[in-house]
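J.: So the sequence shown is numbered by my numbering: it starts at 17 and just counts up by one.
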Amino acid sequence: MKDKTLLKYLLWAFGLGWAVQIPAAIFALRGNALIFQGLTMLAMFAPLAAVMLADVPLKSLGWRPRVRGNLRWYLAGWLCPVLLCALGAALYFLLFPARFDASGSAILATLSEEAKQQFEAQALPASAFVLLQAVAALSYAPFLNTIPSVGEEAGWRGLMLPRLKERFGRVRGLLLGGVIWGAWHWPLMLIAGYEYGLHYWGAPVLGMLLFCVFTTALGILLDALYVKTGSIWAPALAHGAVNACSGLPLLLLDPAYTDRLTVGPVMIGVIGGLPLLLLALFVLLKKAPAAEADGS
């Protein structure tokens, strides 16, 4: 690569990120979920640290919120992820109605024994629990998730994608950037079965490839928000919203099918992610000039 600053950034981003992800994955295998979650959140700040280590001025990334005049883009970043998540889940359960389970068994499967006892003692309906989680995903959770998300967005959207688009053209730059972003997560997927689990058809390669499709599609939309607003906070909010809502469909999935997440109902699956992919394709083709259709 001719861009030594970008190369330096990528080496630091992957080096620091993987240095945290590998022990995080090991802790996950040992059942230390709290440590795993803490380390994965810490890893999200690796791209921001890599920007600083690559000697790129932080002020060049667009730290002013610039909400005035861009409110609609912030609203889109806040609410569209939930809509895309819901559409993907609805499509999946429409095609596979037998996999829909509103009894609460999926919720209980994710809880510790102590939490299960508390859940059962409160006699809280599963539908109420799902509703509470959905309200959180639509209200405060995206804003809380914005803080760690900006650690990633400062690097991927703030530094990497502008340089890749300049070097390879808009289309190729966005596609390459999405694959790079997805590959950054691979240690967690290889070791701990991050996102898809460890036991599914085609593991682990299929999950790694599908996740790159997901990050490419999401990266196209996050880049559009960054370009439209000129602020790193817009894609960070959308990233936080995705993290807040992406697991909601699992609360309605029969636990017998959790080894088939490559299909859905979550956005990282083929069917669950179809609305996201179609929107990203629309944005990619609509915004790309005719001369850039092939990446030139």
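All C-beta atoms, glycine included, are put in the ideal place defined by N, C-alpha and C.
1. Among A152, I38, L190, which has the Cα closest to the Cα of L238?
2. Candidates T56, L95, I51, A49: which alpha carbon is nearest L32's?
3. Using alpha carbons as the reference points, say which of L295, L50, L301 lies closest to L100.
4. Pop quiz: A157 and A260 are said to be a contact at Cβ under 8 Å. What is the actual Cβ separation, rounded to whole angstroms?
5. Using the Cα positions of Y25 and L177, report the straight-line distance between them to the nearest angstrom.
6. What separation, rounded to the nearest whole angstrom, lies between the Cα atoms of L293 and A92?
7. Assuming the contact rule is C-beta atoms closer than 8 Å, F61 and G167 should be a hit. Round their C-beta distance to whole Å, please.
8. Since I believe I236 is in contact with G78 (beta carbons under 8 Å), could you give me their beta-carbon distance rounded to a whole number of angstroms?
9. A257: which of L269, L234, V243 sits nearest, CA to CA?
10. My output table needs one value for F61: the three-state DSSP class, helix, strand or coil.
11. Run through DSSP, which three-state label would F184 get?
12. Please list, in chain order, all residues of the same chain as Y273 whose beta carbon is under 6 Å from its beta carbon, the five residues on each side excluded.
13. Does the ligand SAH have a heavy atom nearer than 7 Å to the CB of E182?
T.: Quick answer:
1. Distances from the CA of L238 to each of A152, I38, L190 were compared; the closest alpha carbon is that of L190.
2. Closest option to L32, Cα to Cα, is T56.
3. Residue L295 is the option with its Cα nearest to L100.
4. Contact between A157 and A260 holds, with the beta-carbon distance rounding to 4 Å and staying under 8 Å.
5. Pairing Y25 with L177, the inter-Cα distance amounts to about 12 Å.
6. One C-alpha to the other measures close to 16 Å.
7. At roughly 4 Å, the Cβ-Cβ gap stays under 8 Å, so F61 and G167 are in contact.
8. The C-beta distance from G78 to I236 rounds to 18 Å, too long to meet the 8 Å contact threshold.
9. For the residues L269, L234, V243, the minimum Cα distance to A257 belongs to L234.
10. Looking at F61 - three-state DSSP - the assignment turns out to be coil, as it is neither helix nor strand.
11. F184: helix per DSSP, three-state reduction.
12. R115.
13. As for the ligand SAH, it is missing from this structure, which has no ligand bound.
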